[in-house]
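Chemist: One structure is given below, represented as structure tokens, and several questions about it will come after.
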Amino acid sequence: MKKKIVSMALMVVLCFVLAMSAFAEGVQYKIGDYVAYSGHTDFGYYFTYSVEKTNTNYKCFSVVENGQRVYAAVKESLYDYYKNVFNDQDVTFKGEVQRFADDGAPVIMATWKVVNEDGKETLISLDEDIAPTFYKKGMAPDFKLFYDLYNDVTVSVAEDGSYMTIDNNPLNMKGGSIIFNETGLEHVKLTNKALGLPEWLYKEMANTRAIDGRQKESFDDVTVTWSYHPNQGLEVIYRTNN
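Here the sequence shown stands for residues -24 to -1, 1 to 218, where the numbers follow mature numbering (1 follows the signal peptide of the UniProt record, and there is no 0).
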């Protein structure tokens, strides 16, 4: 009986180790690691899970190479937008290993697209591919989609998705924060691009001074207001016109 108990204990330990680490083609995957993964996308074969702490649902599409499957994790609300861009394609992504699916395959965030140019590896945020699919001229944008995509403290949104605020100093830190500043400005640039707004608009925003007060520009489907203060940073508000 004692030998049987020991054997069962060893099996439990082995199962635990396998659950925390998986391998494919000699590559080890560990939760928390940032890794690149390549293959052909299959949006018809997916895995879903939820994170209770953030009340977020994820739907993960397959990326398959040489018979080995990896699940690329994206928010469920954005799944169809990723499908519209990356369905049935060969891709190379990079992101953080989140967990392992019921079939043992690693679940990895789809965060960056890996591009090789002249032998040099470049990481491009997948936001660049997805954000432009949220808006079509003549339709009111749903800013909740942008909020779900950007997914950080620099962005807030109305419950009905009718307006969104981007603040590059959300904590009002004296002197600001390099990380928040760059992140917020990148969101502003990408949102302007996704909404088809003119390039001069961002230049106007970047050159705004505190004494200029709140600025406003209206376009076909959205109205944009913004203001700047040395201690509070740049705050940009996008509103639908409907």
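Even glycine gets a Cβ: it sits at the ideal position worked out from N, Cα and C. Nothing here was measured: the structure is a model prediction, and the numbers come from that model.
Quick check for students: name the residue ranges of the beta strand (DSSP E) that lie wholly in the region 33 to 97, counting only runs of 3 or more.
Modeler: 44 to 51, 66 to 76, 82 to 85 and 88 to 93
Chemist: Less than 7 Å between the beta carbons of residue 25 and residue 73, yes or no?
Modeler: no
Chemist: Can you tell me which of 38, 177, 51 and 113 puts its alpha carbon nearest to the alpha carbon of residue 32?
Modeler: 51
Chemist: Determine the direct distance from the alpha carbon of residue 94 to that of residue 69, and round the result to whole angstroms.
Modeler: 18 Å
Chemist: If I measure Cβ to Cβ from residue 169 and keep anything under 8 Å in the same chain, skipping five residues before and after, which residues do I get?
Modeler: 107 and 108
Chemist: Pull up the distance between the alpha-carbon of residue 167 and that of residue 203, whole angstroms please.
Modeler: 17 Å
Chemist: Considering only C-alpha positions, which residue in the set 175, 126, 190 and 23 is nearest to residue 80?
Modeler: 23
Chemist: Beta-carbon within less than 6 Å of residue 181's beta-carbon, same chain only, minus the 5 sequence neighbours each way: which residues are those?
Modeler: 202
Chemist: Quick one, which of 172, 205, 171 and 215 has its alpha-carbon nearest residue 192's?
Modeler: 215
Chemist: Looking only at its own chain, which residues have a Cβ that is under 8 Å from the Cβ of residue 36, when we skip the five neighbours before and after it?
Modeler: 22, 23, 24, 25, 47, 48, 49, 50, 77 and 83
Chemist: Give the secondary structure of residue 129 by DSSP, where H, G and I count as helix, E and B as strand, and everything else as coil.
Modeler: coil
Chemist: Could you pull out every residue in the same chain whose Cβ sits closer than 8 Å to the Cβ of residue 139, ignoring the five residues on either side in sequence?
Modeler: Contacts found: 119, 133, 213, 214, 215 and 216.
Chemist: Would you identify the three-state DSSP class for residue 24, choosing helix, strand or coil?
Modeler: Under the three-state reduction of DSSP, residue 24 is assigned to strand.
Chemist: Would you kindly report the start and end of the unbroken alpha helix (DSSP H) that includes residue 111?
Modeler: From DSSP, residue 111 is part of no alpha helix (DSSP H); its letter is neither H nor E.
Chemist: In whole angstroms, what separates the C-alpha of residue 19 from that of residue 34?
Modeler: For residue 19 and residue 34, the distance between alpha carbons rounds to 13 Å.
Chemist: What's the gap between the Cα of residue 147 and the Cα of residue 199?
Modeler: In this structure, the alpha-carbon of residue 147 lies about 25 Å from that of residue 199.
Chemist: Under a three-way DSSP split, which group does residue 142 fall into?
Modeler: strand
Chemist: Whole angstroms is fine: what's the gap from residue 184's alpha carbon to residue 53's?
Modeler: The alpha-carbon atoms of residue 184 and residue 53 are separated by roughly 35 Å.
Chemist: Roughly how far, in whole angstroms, is the beta-carbon of residue 143 from the beta-carbon of residue 209, given that I think they are within contact range, below 8 Å?
Modeler: 6 Å
Chemist: Taking 6 Å as the limit between beta carbons, can you name the residues of its chain near residue 218, skipping five residues before and five after?
Modeler: 116
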